[in-house]
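Trainee: According to the numbering used here, the sequence shown is numbered sequentially starting from 1.
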Amino acid sequence: MVTRPDDVAERTARGLRDRGHQVLLAPVLTIVPTGAPPPAWDDVQAILVTSRQAVLALAGQRLTRPVWSVGQSTADAARAADWPQGGVGAADGTALADLLSSSLDPKAGALVHARGRTAAPGLATRLKRGGFDYRPWIVYAAEPVRRWPPETVAALADGGVDAITFHSPDSARAFLGLIAAAEMGERLERIDAFCLSEKVAQVLGDARFRAIHVAAHPNETAMGTLLEATGH
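1) Cβ atoms of A46 and R65: under 7 Å apart, would you say?
2) Just verifying my parser: in three-state terms, what is the DSSP assignment at G205?
3) Whose CA, out of D42, V49, L123 and A80, lies closest to the CA of V139?
4) Do the CB positions of R117 and A141 come within less than 7 Å of each other?
5) Tell me whether the region 119 to 135 and the region 2 to 13 touch, counting them as touching only if at least three CB pairs, one residue from each stretch, are closer than 8 Å.
6) According to DSSP, simplified to helix, strand and coil, what is P144?
7) With distance defined between alpha-carbon atoms, name the residue in F209, S73, A97 and A26 nearest to R129.
8) Comparing the C-beta of V203 with each C-beta of chain C, is any distance below 7 Å?
9) Pick from L58, L100, D105 and W148: whose alpha carbon is nearest that of D82?
10) In whole angstroms, give me the CA-to-CA distance for M223 and H232.
11) Here's the rule: buried if 16 or more other CB atoms are within 10 angstroms of the residue's CB, otherwise exposed. What is A157?
12) Compare the C-alpha of D92 against each of Q85, R126, G60 and A108 and name the closest.
13) Starting from F194, follow its DSSP beta bridges and name the residues at the other end.
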């Protein structure tokens, strides 16, 4: 069961199917572009994107400053949008902040972060501490879905789900809300949770999953390897 939003879920599902898995798409979040106007670019030296959702929310935007990304998947999406490329932070926002700190001069201009309404604080905190002018640009919101379709509820209730993937703390929180509303918390006892990072796993800490696994690296390949290593 893949809980990612529709706009990126199929890519994850395709990779899992290629590994021989049966996949149920059950998004718990809907990505809604905010339509926020772009900032003034005069004193901006680079743009930061930390998710594919941000890239998709900016579809059609013509960006002229170098775009620095978290993860190769996000970088590939930014390249496909024909935006000038900066660098790629391999793991998360903190890794990107370290890369930026070693590559750019705070005096050369501001850094604009195209992001969701909620975001982990690591990137902003580190950049500000390093003397950078950090400016958020809220380009999308991740809204929890109100209810699952009947086929998703039936699959959970009938034991048709053996593993569930979680790619963000927001998706984990939204999932727990849906499970509580459906009064199916006990169904988790026969399901394994697979998390992209420790931060995601922390949100699920009190849930009654059979087991909670964390990928060695925060990417799709590591998630697939983890599923296979645990016999799924």
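In this text, a Cβ means the ideal position worked out from N, Cα and C, and glycines have one as well.
Mentor: According to the structure shown:
1) Residue mapping note: residue 65 aligns to position 65 of the sequence shown, counting from 1. Residue mapping note: residue 46 aligns to position 46 of the sequence shown, counting from 1. In this structure, A46 lies closer than 7 Å to R65 by Cβ.
2) In the sequence shown, counting from the first residue as 1, residue 205 sits at position 205. The answer is coil: DSSP assigns G205 none of H, G, I, E or B.
3) Locating residue 139 in the sequence shown gives position 139, where the first residue counts as 1. Minimum Cα distance to V139 is reached at V49.
4) Numbered from 1 along the sequence shown, position 117 holds the residue referred to as residue 117. Numbered from 1 along the sequence shown, position 141 holds the residue referred to as residue 141. Yes, Cβ-Cβ distance for R117 and A141 is below 7 Å.
5) no
6) To locate residue 144, count along the sequence shown from 1; it is residue 144. In the structure shown, P144 sits in a strand (DSSP, three-state: E or B).
7) Residue mapping note: residue 129 aligns to position 129 of the sequence shown, counting from 1. Answer by Cα proximity: A97.
8) The chain labelled as chain C is not found in the depicted structure, where only one protein chain is given.
9) Locating residue 82 in the sequence shown gives position 82, where the first residue counts as 1. Considering only alpha carbons, the answer is L58.
10) Mapped onto the sequence shown, residue 223 falls at position 223. Mapped onto the sequence shown, residue 232 falls at position 232. Using only the alpha carbons, I get a separation of about 11 Å.
11) Taking the first residue of the sequence shown as position 1, residue 157 is located at position 157. Counting Cβ neighbours within 10 Å, A157 comes out exposed, since fewer than 16 surround it.
12) Counted from its first residue, the sequence shown places residue 92 at position 92. It is R126 whose Cα lies nearest to the Cα of D92.
13) Position 194 of the sequence shown, counted from the first residue, corresponds to residue 194. Paired residues: T165 and H213.
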